[in-house]
Amino acid sequence: MPTPLAPRARARLLRWFRAERRALPWRERRDAYRVWISEAMLQQTRVATVIPYFERFLARFPDVEALAAAREEDVLAHWSGLGYYRRARTLHQAARSIVAELGGVFPSTRTGLLELPGIGPYTAGAIASLAFDAPEALVDGNVERVFARLFALPGALGSSSLKERAWELARELVPRAKGAGEWNEALMELGALVCLPREPRCGLCPWEADCAARALGRAAEFPAPKARKPGLEVELEALLVERSGRILLHQRAAHEGRMALMWELPTRELGSEHLFSAHWPLQAGRVLLREGEELGRLRHTITHHRIQVVLRRGELAAQPRGAGWCWATAGDASGLALTGMTRKALRGRCASPLSRA
DNA sequence: AACTCGGGGCG
DNA sequence: CGCCCAGAGTT
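Numbering (the working numbering), first residue to last: 26 to 382.
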């Protein structure tokens, strides 16, 4: 198969990247641990969102041993607000596996990396190439979009056909000897800075003359948009139970699909859909809570649910005891693994902002 | 192959 | 308000 991209074009991308690459915290030093944490956080999450989380996380868990030794709840607390909390759990499990089974040494091959929980095809390629400069390809949303335009590939964004074709091209194009990491990073950076989803800045692009979609005058039309379902409407009721300056929080069960082990205001779902729990959290089968006056409403969106939360004052019918309940001050709350919804509900009510030190 | 999982920022 | 983001795991 002929090389789909001329050597001059390849060199043009690298020249562009060396001139334009952003200074990002995880680019300061390239060890496997830092690459891994940044890649895990960056899954489906914007760079600007990740930066403060990355710095707090690295300060608290500076290496894989520190992460492995931490309690899961502490890891979750440092993830609170980032979303996709399974990432934090698999990160923690993988750290323990690396320390317990691999002597604290990071796998340096794609196949070795794929054995670890939370590391899929993209992240394995990223760690192998960025941290170890192994000749491994990667395809993320940026690369998929760049290739869809550069080669005018058919298929919707995220479709298996486009994704598979993008992986083939990525494997063909990645440097065999050295420089795989820089090449991969340059591709992603081009997607992040120039080959933007809505309005590509073709005038700034090192591949403007090479781009098939541009030649058709339809760069912005590639890739085809993904079909999306409308979010389901959900109405929740959350209770603010206060006692001597503290707020009652409830911890979601470990087996909950969503946001397991995260802390939240006691919550139930109104209406009949029951996409969330329809009842107040119980203790030994007993109802502990009664709802009082309405305090306000807020909107929150999680993946496919559009949620309206009615915030009410709550009263205790019995004394909550044992694990799964806590009385938190504003200060405590900043160190807890709160759900985003609870964080939002408490914002402005807590004396100090919920910034995690 | 289709679904699920958070949350935010921007046009 | 819709769209998309340095995806992975489950069904």
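Heads up, the beta-carbon is just placed ideally off N, CA and C, and yes, glycines get one too.
For this session: Determine the DSSP secondary structure at residue 282, reduced to helix, strand or coil.
Result: One-based indexing of the first sequence puts residue 282 at position 257. Looking at residue 282 - three-state DSSP - the assignment turns out to be coil, as it is neither helix nor strand.
Exercise. Among residues of its own chain, excluding the 5 on either side of residue 60, which ones have a beta-carbon nearer than 6 Å to its beta-carbon?
Worked result: One-based indexing of the first sequence puts residue 60 at position 35. Excluding positions up to five away in sequence, the list reads 152, 155, 156.
Problem set entry | Top-ranked residue by Cα proximity to residue 140, from 298, 119, 128 | Taking the first sequence and counting its residues from 1, one reaches residue 140 at position 115. Of the listed residues, the one whose Cα sits closest to residue 140 is 119.
For this session: State the DSSP-derived secondary structure class of residue 36, mapped to helix, strand or coil.
Result: Within the first sequence, the letter at position 11 stands for residue 36. Reduced to three states, the DSSP call for residue 36 is helix.
For this session: Could you give the DSSP three-state label for residue 178: helix, strand or coil?
Result: Position 153 of the first sequence, counted from the first residue, corresponds to residue 178. Coil, per DSSP.
For this session: Would you tell me roughly how many angstroms separate the C-alpha atoms of residue 375 and residue 69, rounded to the nearest one?
Result: Taking the first sequence and counting its residues from 1, the one referred to as residue 375 is at position 350. Taking the first sequence and counting its residues from 1, the one referred to as residue 69 is at position 44. Because residue 375 carries a pLDDT of 43, less than 50, the predicted location of this residue cannot be relied on, and the following value inherits that uncertainty. Distance between the alpha carbons of residue 375 and residue 69: 29 Å.
Exercise. Taking the DSSP output, what are the residues bridged to residue 351?
Worked result: In the first sequence, counting from the first residue as 1, residue 351 sits at position 326. Beta-bridge pairing links residue 351 to 274.
Problem set entry | Sheet register partners of residue 330 (DSSP bridge) | Counted from its first residue, the first sequence places residue 330 at position 305. 257, 327.
For this session: Verify whether the separation of the beta carbon atoms of residue 200 and residue 160 is less than 8 Å.
Result: By one-based count along the first sequence, residue 200 stands at place 175. By one-based count along the first sequence, residue 160 stands at place 135. Yes.
Problem set entry | Inter-residue Cα distance where the pair is residue 19 and residue 302 | Look at the range of the chain in this structure, 26 to 382, and you will see that residue 19 is not part of it.
Problem set entry | Residues sharing a beta bridge with residue 265, DSSP | On the first sequence, residue 265 is found 240 positions in, with the first residue counted as 1. The partner list for residue 265 (beta bridge, DSSP) reads 338.
Exercise. Roughly how many whole angstroms lie between the Cα atoms of residue 36 and residue 43?
Worked result: On the first sequence, residue 36 is found 11 positions in, with the first residue counted as 1. On the first sequence, residue 43 is found 18 positions in, with the first residue counted as 1. The straight-line gap from Cα to Cα measures roughly 11 Å.
For this session: Report the residue from 179, 82, 231, 128 whose alpha carbon sits nearest the alpha carbon of residue 250.
Result: Residue mapping note: residue 250 aligns to position 225 of the first sequence, counting from 1. Comparing Cα positions, the closest option is 179.
For this session: Determine the extent of the alpha helix (DSSP H) in which residue 223 is found, giving its start and end residues.
Result: Here the question's residue 223 lines up with position 198 in the first sequence. Run containing residue 223: none; DSSP gives neither H nor E here.
Exercise. Given residue 103, which residues of its chain have a CB within under 8 Å of its CB, disregarding the five upstream and five downstream residues?
Worked result: Residue numbering aside, residue 103 sits at position 78 when the first sequence is read from its first letter. Cβ neighbours of residue 103 beyond the five flanking positions: 78, 81, 82, 85, 86, 113, 381.
Exercise. If you draw a straight line from the alpha carbon of residue 341 to that of residue 309, how long is it in whole angstroms?
Worked result: Counting from 1 along the first sequence, the entry for residue 341 is found at position 316. Counting from 1 along the first sequence, the entry for residue 309 is found at position 284. If I take the Cα positions, the gap works out to 15 Å.
Exercise. Going by alpha carbons, who is nearest to residue 300 out of 90, 328, 320, 313?
Worked result: Stepping through the first sequence from its first residue, residue 300 is reached at position 275. Closest option to residue 300, Cα to Cα, is 328.
Exercise. On the premise that residue 362 lies in contact with residue 98, defined as a C-beta separation below 8 Å, what is that separation, rounded to the nearest angstrom?
Worked result: By one-based count along the first sequence, residue 98 stands at place 73. By one-based count along the first sequence, residue 362 stands at place 337. Yes, residue 98 and residue 362 are in contact; Cβ-Cβ is about 6 Å, under 8 Å.
Problem set entry | Nonlocal neighbours in the same chain, by C-beta distance under 7 Å from residue 22, ignoring five residues either side | Absent from the structure is residue 22, since the part of the chain shown begins at 26 and ends at 382.
For this session: Can you give me the start and stop residues for the alpha helix (DSSP H) that residue 148 sits inside?
Result: Locating residue 148 in the first sequence gives position 123, where the first residue counts as 1. Note, residue 148: alpha helix (DSSP H), 146 to 151.
For this session: Using the Cα positions of residue 322 and residue 133, report the straight-line distance between them to the nearest angstrom.
Result: Within the first sequence, residue 322 is the residue found at index 297, counting from 1. Within the first sequence, residue 133 is the residue found at index 108, counting from 1. Roughly 49 Å between the two C-alpha positions.
For this session: Just the C-alpha distance for residue 273 and residue 121, rounded to the nearest angstrom, thanks.
Result: As a first step, residue 273 is located in the first sequence; it is residue number 248 there, counting from the start. As a first step, residue 121 is located in the first sequence; it is residue number 96 there, counting from the start. Distance between the alpha carbons of residue 273 and residue 121: 32 Å.
For this session: Report the three-state DSSP secondary structure of residue 321 (helix, strand or coil).
Result: Working through the first sequence from its first residue, we reach residue 321 at position 296. Strand, per DSSP.
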